[in-house]
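The opening residue of the sequence shown carries number 1 in the UniProt record's numbering; numbering runs sequentially from there.
Backbone N, C-alpha and C fix where the C-beta goes; we use that ideal spot for every residue, glycine too.
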Amino acid sequence: MNIIEIASRKIDNGERLNFTEALALYQHNDILKMAGLARIVKERKSGQYVYYNVNRHINLTNICVSGCPLCAFGCKAEDQKAYVMQKSEVIEIVSQTMRETPDLSEIHMVSALHPDKPFSYYLDIVAAVKKAAPQVHLKAFTPVEIVHFANISQLGISAVLEQLKAAGLDSLPGGGAEILDDNVRKIICPNKATTAEWIDVITTAHSLGLPTNATMLYGHVETIEQRIQHLITLRDIQDRTGRFQAFIAFPFHPANTGFTNLQRVSSWEDLKMISLARLVLDNFDHIKAFWMMLTLPIAQLALTFGADDLDGTVVEEKIIHAAGATTKKGITRKEIISFVEETGYLAVERDTFYRPLKISSGVKSYG
1 MNIIEIASRK IDNGERLNFT EALALYQHND ILKMAGLARI VKERKSGQYV
51 YYNVNRHINL TNICVSGCPL CAFGCKAEDQ KAYVMQKSEV IEIVSQTMRE
101 TPDLSEIHMV SALHPDKPFS YYLDIVAAVK KAAPQVHLKA FTPVEIVHFA
151 NISQLGISAV LEQLKAAGLD SLPGGGAEIL DDNVRKIICP NKATTAEWID
201 VITTAHSLGL PTNATMLYGH VETIEQRIQH LITLRDIQDR TGRFQAFIAF
251 PFHPANTGFT NLQRVSSWED LKMISLARLV LDNFDHIKAF WMMLTLPIAQ
301 LALTFGADDL DGTVVEEKII HAAGATTKKG ITRKEIISFV EETGYLAVER
351 DTFYRPLKIS SGVKSYG
């Protein structure tokens with residue numbers, strides 16, 4: 001029995017893949033075989049359900065001290081495109097969104113690492129958002145931002161998270177992981193949190209009862225071996241804490257970054273990564289196909305490659321589009337349901353904790 005057959009039998013039996021087996025599946029390059037195996041795991045986890053939520057993105061500022069080569073969003077304060085939101089602006093956005101979208105279930109709020117805004121600025125905004133929308137889940141601030149808050153406040157990671165939680169923070173999005181390998185990070189984001197710091201924030205958040213997502217940014221200077229080790233690192237954390245909600249793999253968009261010499265990876269690569277993540281992350285319940293970075297057609301196809309979540313309606317995302325994403329900045333519930341039902345799955349509107357709110361009929365309506 002060769003290694004591919006061993007890996008396939010393990011998956012059929014619900015057993016864990018090791019590094020060598022995961023690498024062999026990737027290098028085997030039979031994408032339809034990977035898709036079939038990943039779909040087995042997906043349907044074990046979530047049956048015929050594909051999830052989405054009604055959410056709103058808010059990016060507080062694009063002024064950033066880190067100057068990462070991988071980033072097209074951050075800029076200096078003197079840059080013509082620089083902006084920073086005041087609390088009143090944020091609350092007006094939240095209030096307007098709630099008027100237009102009364103069933104809003106999640107606010108997703110992240111930003112750059114502003115050089116001058118004190119930690120109190122972020123605490124005040126969290127408290128104000130929670131007061132304006134007490135029933136809406138507030139998912140905010142990547143581990144990279146939490147490390148920045150600890151540095152500017154001279155508080156420990158735990159104290160920063162405790163204060164944010166007390167102000168109304170419900171969970172963290174888990175971005176900024178990029179590739180959890182410091183040799184890679186020194187090239188693509190040398191002034192951001194290290195691998196150890198990212199992991200420290202995540203595990204501390206989990207210990208405080210704050211769930212998070214987990215992410216990966218692929219398609220730049222990393223190797224496939226580093227991608228697989230990244231997945232195994234996340235799997236090890238989940239073994240210890242059990243507080244990751246979902247995993248999202250982001251393809252790198254090189255436009256307007258320090259890596260414009262690179263090409264955006266292919267759709268083939270996107271689908272392989274979705275499948276690989278579903279097969280390696282056996283202790284994660286959910287794998288997202290983030291339509292905004294993948295495009296809607298590829299995200300839809302990813303539902304047969306192991307993904308069970310399309311994220312949400314989003315509304316006015318800025319960070320990804322700064323790097324050249326050409327997808328829309330928002331999508332309607334009706335559009336999401338239609339995309340899911342075309343695949344034969346049931347579209348399930350969820351809250352942040354994947355509790356079903358509405359389940360579609362499963363009957364695709366045309367016209």
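Mind checking which residues open and close the beta strand (DSSP E) that includes residue 379?
The first residue shown for the chain is 1 and the last is 367, placing residue 379 beyond what the model contains.
What alpha helix (DSSP H) runs, 4 residues minimum, are completely inside the region 114-140?
119-132
Within this structure, are the beta carbons of L276 and A24 separated by less than 8 Å?
no
On the premise that G67 lies in contact with N183, defined as a C-beta separation below 8 Å, what is that separation, rounded to the nearest angstrom?
Actually they do not touch by this definition, with Cβ atoms about 19 Å apart.
Would you kindly report the start and end of the unbroken alpha helix (DSSP H) that includes Q80?
Premise fails: Q80 is in no alpha helix (DSSP H) and is neither H nor E.
Grab the span of the beta strand (DSSP E) containing R350 for me, first residue to last.
L346 to R350
Answer with buried or exposed for T215, where buried requires no fewer than 16 other C-beta atoms within 10 angstroms of its C-beta.
buried
To the nearest angstrom, how far is the alpha carbon of I4 from that of D30?
10 Å
Specify the secondary structure class of I3 as computed by DSSP and reduced to three states.
helix
A133 versus Q86, G74 and D170, residue with shortest Cα-Cα distance
D170
Any idea if F19 is buried or exposed, counting beta-carbon neighbours within 10 angstroms, 16 or more meaning buried?
exposed
What's the C-alpha gap between R333 and K130?
24 Å
Determine the contact status of A193 and P143, defining contact as a CB-CB distance below 8 Å.
yes
Pairs of beta-carbons, one from the region 82-98 and one from the region 31-44, closer than 8 Å: are there three or more?
no
For the alpha helix (DSSP H) that residue 368 lies in, which residues bound it at each end?
Outside the modelled stretch of the chain, which goes from 1 to 367, sits residue 368, for which no answer is possible.
Could you compute how far the alpha carbon of I228 sits from the alpha carbon of E222?
11 Å
Between V136 and L104, how many whole angstroms is the CB-CB distance? I'm expecting something under 8 Å.
6 Å
Considering only residues of the region 3-40, which uninterrupted alpha helix (DSSP H) runs meet the minimum length of 4 residues and lie entirely inside it, listed in chain order?
3-12 and 19-28
Whole-number beta carbon distance between L301 and L271, since they are thought to touch under 8 Å
7 Å
Cβ shell of K358 (< 8 Å), same chain only, five flanking positions each side left out:
V348 and E349
Between the Cα of A128 and those of S158, E145 and A166, spot the shortest distance and give me the residue it belongs to.
A166
Using only the alpha-carbon positions, how far apart do V280 and K42 sit?
12 Å
Cβ-based burial, D309 [other Cβ within 10 Å; buried from 16]
buried
For F244 versus T212, is the C-beta distance shorter than 8 Å?
yes
Would you identify the three-state DSSP class for M109, choosing helix, strand or coil?
strand
To the nearest angstrom, how far is it from the Cα of H148 to the Cα of Y83?
19 Å
Does A159 come out as helix, strand or coil in the three-state DSSP assignment?
helix
Quick check: the Cα distance between R99 and N13, rounded to an integer number of angstroms?
49 Å
Alpha carbon to alpha carbon, what distance is there between H114 and V160?
16 Å
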